[in-house]
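Protein chains: 2
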Amino acid sequence: MKNNLLIRAAHGEKVERTPVWMMRQAGRYLPEYRAIRKDIPFLELCKTVDLAVEVSLQPYRLLDVDAVIMFSDILIPVEAMGQEVQLTEKKGPELPSPIRTREQIDQLIVPDPTEKTGFVMEIIRTLRRELDGAVPLIGFAGAPWTLAAYMIEGGGSKSYGYVKQMMFKEPQNFHALLDKIADAIILYLNAQIEAGAQIIQLFDSWAGELSRKDYAEFALPYQQKIFAALKRKDTPTIMYINNSDHFLEQMATCGADVLSLDWRTDLQEARRRVGDQFTLQGNLDPCILLSTPEIIRAKTRAILAAGGGHQHILNLGHGILPMTPVENARAFIETAKGV
Amino acid sequence: MKNNLLIRAAHGEKVERTPVWMMRQAGRYLPEYRAIRKDIPFLELCKTVDLAVEVSLQPYRLLDVDAVIMFSDILIPVEAMGQEVQLTEKKGPELPSPIRTREQIDQLIVPDPTEKTGFVMEIIRTLRRELDGAVPLIGFAGAPWTLAAYMIEGGGSKSYGYVKQMMFKEPQNFHALLDKIADAIILYLNAQIEAGAQIIQLFDSWAGELSRKDYAEFALPYQQKIFAALKRKDTPTIMYINNSDHFLEQMATCGADVLSLDWRTDLQEARRRVGDQFTLQGNLDPCILLSTPEIIRAKTRAILAAGGGHQHILNLGHGILPMTPVENARAFIETAKGV
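Taken in order, these protein sequences are the chains called D and V. The numbering of the first sequence is our numbering, which starts it at 1 and goes up by one. The numbering of the second sequence is our numbering, which starts it at 340 and goes up by one.
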């Protein structure tokens, strides 16, 4: 591999400089992405191999990031499990038949990922060919708590009332759902590794809504189950949770090599709390990319300093926002590269 | 006062039992509230003294809570400052002309609260007469960061992109806005105390979106300014922030007597972190009220135990959800009372 900085940093090896990529780097802030997206619905774009490959590569070509992440959506395996998913980027995901009963849980299947989501594996294989070892390729999936939240709420949520209602009122049913999702995600991620994904990131984006106790009971065990079951080929793993500061020590037991943090946690403080065995990823507030290149450079340098140049992957604390000017994203990337 | 448990607990005095009330206790989960609300728009209800008094008293009459909070909305003073506010409970607040420029900031006024929001003071005076010393009356306001977020976003937000853009890109303009809001809120809360509010709660509901550094620069100083300027008559003060675990020690310097916490923070751990000089309020996940009375009682008892029966006001970690069954809210209240 020509640029394996991210792999080495994830494994805790010494690197010449801190590697950098951005969550949702293949997305709406890029005019080149919008040009493709205007002619094709989001879900169809996820399933059209050549176009998904193209938009995955855009941030690498345009911004020279240190890794490519396959273009996809965390709800792709949910659809494969048998629940209808509608994805329009503007309105967010909509699942018109939300899961509310044990019967609905039992009807979900644990799909063969090469059969039901073969397009994802084809995207990965094609990206590996196209990249030809230039930078590593990141595969990913959503974690059970977050996917269950979408499946039960029927979309995004502010209060998480329905998913937490099942969690508190019918914990056995909820565990059955979480376990089924975990089984599906294990197969899905192992198929991604088999197809050529060189790093795996697990997104439990909304687990930060949970108390420590509820995180320990309903989210962490399924993250652990997934990481323990991955058939890794020297494949580093990353755990991302938005809003994880209150259970960071617990998160550190999830089994991932890299802990991806939002801007609420100071990286030096995180290092003190979780010890030396992890690489930390993050953690610029993506809203800082809405300011100016000068401000972005200063705030990014502060994060690079807090990361200490070792066991650190520079990233945002959450996905890049669609309203971000491209030159601001470039200022972020270039600062990591010392340009 | 017949039942002054909440006042005494807020002052750190010994109490016979832990007092209890619920954020948003006058609200849509009550059929009696919905019966009044169906004939009148939300904002009009806030401004119609006899009806606002009636819905404020409903949770006291129906559930026997230990305090009454005046029925109102944190955006009432924003409208008085000169920005149009539309409030429909279902869609959430909408501010059709969001603040984006210095000129707009300069055009906002610091209103005389008795002139522009006299109805709020009249609601307070009437409630005091009606209550006749039965339980204390809570007045409240939103804090500058949270109000600025609504004013700049033009409503609720998921990413807080616009407010944080001004915060990071034009910090001087943002400070000018925050300071003007603080001045308005100081007058507003002092008018409430003058009218008869016996406890004051300040809501910085969305300050948890900020990193420690940004909280210290853009939210905390304005909370401190407000608490320092209140003309208290033995009036206890409560600071509520959703998602405050990552800056709890900083929050403890805001100047309030009571720190109101969400469910992410364990009360015993919070006590260890902030010391003995504060009363803690909270912190049941409001989604637990969507389970069953039996589960609610068990989880509420655990919080009462963590609170230790001293310097603790039982409450939810966030407002009660509209879909909450009344008997579940009752189970929560009754558990505090040992019924």
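Just so it is clear, CB atoms sit at the ideal spot from N, CA and C, and this is done for glycine as well.
Where residue i falls, given that 16 or more other Cβ within 10 Å makes a residue buried
i: V/Q511; result: exposed
i: V/K503; result: buried
i: V/E418; result: buried
i: V/D471; result: exposed
i: V/A391; result: buried
i: V/A536; result: buried
i: V/G614; result: exposed
i: V/E548; result: buried
i: V/G648; result: exposed
i: D/T324; result: buried
i: D/K299; result: buried
i: V/T618; result: buried
i: V/I448; result: exposed
i: V/A283; result: Because residue 283 of chain V is not part of the residues shown, which for chain V are 340 to 678, the question remains open.
Range of the contiguous beta strand (DSSP E) that encloses residue i
i: D/G142; result: L137 to G142
i: V/L619; result: T618 to L623
i: V/P432; result: G431 to E433
i: V/L649; result: The identity of residue 649 of chain V in the sequence shown is His, whereas the question assumes Leu. V/H649 -> no beta strand (DSSP E), and no H or E assigned at all.
i: V/Y579; result: T576 to Y579
i: V/T427; result: Q425 to T427
i: V/F542; result: I538 to F542
i: V/P359; result: With the sequence shown as reference, residue 359 of chain V is identified as Val, and Pro is not the correct amino acid for it. Segment: none, V/V359 is in no beta strand (DSSP E) and carries neither H nor E.
i: V/V597; result: V597 to S599
Spatial distance of residue i from residue j (CA atoms)
i: V/Y489; j: V/A534; result: 27 Å
i: V/Q650; j: D/K233; result: 54 Å
i: D/E294; j: D/E334; result: 12 Å
i: D/L314; j: D/P136; result: 15 Å
i: D/R102; j: V/L516; result: 51 Å
i: V/K353; j: V/T604; result: 24 Å
i: D/R271; j: D/Q277; result: 9 Å
i: D/R125; j: D/L290; result: 35 Å
i: V/G658; j: V/A668; result: 12 Å
i: V/T357; j: V/R640; result: 11 Å
i: V/A530; j: V/G478; result: 10 Å
i: V/I462; j: V/Q446; result: 29 Å
i: D/S157; j: D/K2; result: 42 Å
i: D/D262; j: V/F507; result: 17 Å
i: V/A555; j: D/F218; result: 33 Å
i: D/M81; j: V/M362; result: 39 Å
C-beta neighbour in chain V for residue i, strict 7 Å
i: D/F168; result: yes
i: D/W346; result: Beyond the ends of chain D as shown, which are 1 and 339, falls residue 346 of chain D; an answer cannot be given.
i: D/M323; result: yes
i: D/I199; result: no
i: D/C287; result: yes
i: D/G161; result: yes
i: D/L290; result: yes
Endpoints, alpha helix (DSSP H) assigned at residue i
i: V/Q607; result: L606 to V613
i: V/N667; result: V665 to A675
i: D/S56; result: V49 to L63
i: D/F247; result: It is not in any alpha helix (DSSP H) - D/F247 carries neither H nor E in the DSSP assignment.
i: D/V120; result: G118 to L131
i: D/H318; result: Note, D/H318: premise wrong, no alpha helix (DSSP H); not H, not E.
i: V/E352; result: Here V/E352 belongs to no alpha helix (DSSP H), and DSSP marks it neither H nor E.
i: D/Y222; result: L220 to A229
Min CB distance residue i to chain D below 7 Å
i: V/K280; result: For chain V, the structure presents residues 340 to 678; residue 280 of chain V sits outside this window and is missing.
i: V/C692; result: Residue 692 of chain V lies beyond the range of chain V shown here (340 to 678); nothing can be said about it.
i: V/S550; result: yes
i: V/S583; result: no
i: V/Q504; result: yes
i: V/L587; result: no
Interface residues of chain B facing residue i [CB-CB closer than 9 Å]
i: V/I634; result: Although the question refers to chain B, the structure presented lacks it and instead comprises the protein chains D and V.
- How about the region 484-491 of chain V and the region 513-526 of chain V: do they share at least three Cβ pairs that are nearer than 8 Å? For the pair of segments examined, the region 484-491 of chain V was found to touch the region 513-526 of chain V: the number of CB pairs separated by less than 8 Å reaches three.
- Inter-stretch contact at 8 Å, needing at least 3 Cβ pairs: the region 54-65 of chain D / the region 93-100 of chain D: The region 54-65 of chain D, when compared against the region 93-100 of chain D, does not touch it at the 8 Å Cβ threshold.
- Three or more C-beta pairs closer than 8 Å, one from the region 537-545 of chain V and one from the region 576-583 of chain V: is that the case here? Touching, yes.
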